[in-house]
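Counting the sequence shown from 1 gives a position; the numbering used here is that position plus 50.
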Amino acid sequence: MKLKTLLAVFSALALLFGVVGQSSAVTFSGTFYASQSCPAYQSKNKKTNPGNIYLVSGQSYQIREANKNDATWYRVVVENANPQLRWVSVSCGEVKGDDSSSSGSSGSGRCSTAGQEDSYVFALSWQPAFCETHTSKPECKVTDSSAYQAGNFTLHGLWPNKASCGTSYGFCGSYSHSVSPFCSYDAVPMPSSTLALLGQYMPSAAYGSCLQRHEWYKHGTCQTQRNADEYFKTAIRLQKEFNQNVAYFMQEHLGESVSTQDFFDVVDQAFFDGAYKRLQISCKNRKLVDVYINLPKQLDENASLASLMMDADPKFSNQCGSSFTVDEIGF
């Protein structure tokens, strides 16, 4: 009898502490639209991720709870994961739902009204590393070492940014949220010659996974300076300038581990002292994947990338540590 009593007491205590341990989470009903590939954790504190599950950019996920009222994490349902309930950072996408006041979206449209940007983010990718976690994409089937994406940063996007909206400023035109697959969006209203040109610098546009459509309808429609043709040509011009000055460093170190500081030094030498402080870089599996460059609100038509970076506020972030690997094309 005493043993049963003790077991009952321990069970009650375990239940009590289990409830206390989860008390900070709040019920949340809504949909999370992933704007990038992010880890989906079973435990956000311990960063455990059984199955190495990542959200898929462009996909939507049902939200079950948030970590607090002013959410920094959401617990979403990932259908093919085990367990299915996973924690994801709010920075990975945007939220639409009943309790989305903390997500940056608003029924009044304050984060989906064009022409309210206060800065830009210019997003570039190192395609070989990106493809390590996106093997099913058609552009990731390319293994030719002479291909453009084997030795140059590819275009991800040119994003108008509104500081008060965080990462949720977007969809200021005919779409209110991301659709999947990206080719389900309407075609971008630009000449076929521009689409063909874009295909070299944004491989997805050439190989039929339609990133350009997502970029235009989510980001491009939130700026009013340029039509789609001018918008993408501006992005290509800035991308070419970055590659002309920085890509050689990556080409010289394919397959090697390099010092992050050496990469920053190359950026400074190419543009100006302290230019690297306008960068945010991220890695996966210790491989450089993304370079985000902070730019000012006004993108003058003929302004160089260097001058635009000079006019931008420093917003430095290094998520790669002291070194990273320059991934080679192919798996």
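For each residue, glycine too, the CB sits at the ideal point set by N, CA and C. Since this is a predicted model, take the numbers as computed values, not measurements.
Best match in the options for proximity to residue i [C-alpha to C-alpha]
i, options, result
"Val341", "Thr310, Ser79, Pro133", "Thr310"
"Val171", "Val140, Asn211, Asp318", "Asn211"
"Phe381", "Gln319, Gln177, Gly249", "Gln177"
"Phe366", "Ala325, Lys347, Ala353, Leu358", "Ala325"
"Asn95", "Ala297, Arg125, Lys347, Val192", "Arg125"
"Cys142", "Asn202, Thr204, Ala75, Ser218", "Ser218"
"Gly80", "Pro364, Tyr91, Glu144", "Glu144"
"Gln348", "Met240, Asp361, Arg160", "Asp361"
"Lys290", "Leu355, Ser162, Cys233", "Leu355"
"His303", "Leu245, Ser332, Ile379, Thr244", "Ile379"
"Val140", "Phe321, Arg160, Pro89", "Pro89"
"Leu135", "Thr163, Pro241, Thr98", "Thr98"
Inter-residue spacing [alpha-carbon to alpha-carbon] between residue i and residue j
i, j, result
"Thr375", "Val308", "6 Å"
"Asp149", "Lys334", "Below a pLDDT of 50, predicted positions are generally treated as unreliable, and Asp149, at 40, falls in that range; the measurement from the model is reported next regardless. Taking the straight line from one Cα to the other gives about 32 Å."
"Phe299", "Asn344", "21 Å"
"Ala285", "Ser87", "22 Å"
"Gly305", "Ala200", "11 Å"
"Lys187", "Tyr235", "17 Å"
"Ser77", "Leu205", "It is worth fixing the name first, because residue 77 is Thr in this sequence and not Ser. Whole-angstrom Cα-Cα distance: 38 Å."
"Ser259", "Ser230", "10 Å"
"Asp312", "Ser373", "9 Å"
"Thr185", "Gly216", "29 Å"
"Ala75", "Pro346", "37 Å"
"Asp377", "Cys370", "14 Å"
"Met240", "Asn117", "43 Å"
"Phe292", "Pro100", "38 Å"
"Ser152", "Trp209", "Only weak support exists for where Ser152 lies, its pLDDT of 38 falling under 50; the coordinates are left without a value."
"Asn352", "Asn295", "18 Å"
"Ser73", "Asn119", "Note on Ser73: pLDDT 44, under 50, position unreliable in the model; the coordinate value appears next. Using only the alpha carbons, I get a separation of about 12 Å."
"Glu129", "Gln112", "10 Å"
"Asp350", "Asn102", "43 Å"
"Ser162", "His264", "15 Å"
"Ala246", "Val127", "38 Å"
Contact check, residue i vs residue j, beta carbons under 8 Å
i, j, result
"Ala237", "Leu248", "no"
"Ala131", "Leu105", "no"
"Tyr257", "Glu189", "yes"
"Ser169", "Asp323", "no"
"Phe203", "Ala297", "yes"
Bridge partner(s) assigned by DSSP for residue i
i, result
"Thr244", "Per DSSP, none; premise fails for Thr244."
"Val316", "In DSSP, Val316 forms no bridge with anything."
Contact test: residue i Cβ vs the ligand GDP heavy atom, cutoff 7 Å
i, result
"Ala164", "Although the ligand GDP was asked about, the structure shown includes no ligands whatsoever."
Exercise for the section: Kindly confirm or deny that the stretch 263 to 272 and the stretch 182 to 196 touch, where touching means at least three C-beta pairs closer than 8 Å. Expected result: no
Exercise for the section: Pair every Cβ in the stretch 275 to 290 with every Cβ in the stretch 311 to 321, then say whether three or more of these pairs are closer than 8 Å. Expected result: no
Exercise for the section: Evaluate the contact criterion for the stretch 217 to 232 versus the stretch 177 to 193: three or more CB pairs, one atom per stretch, below 8 Å. Expected result: no
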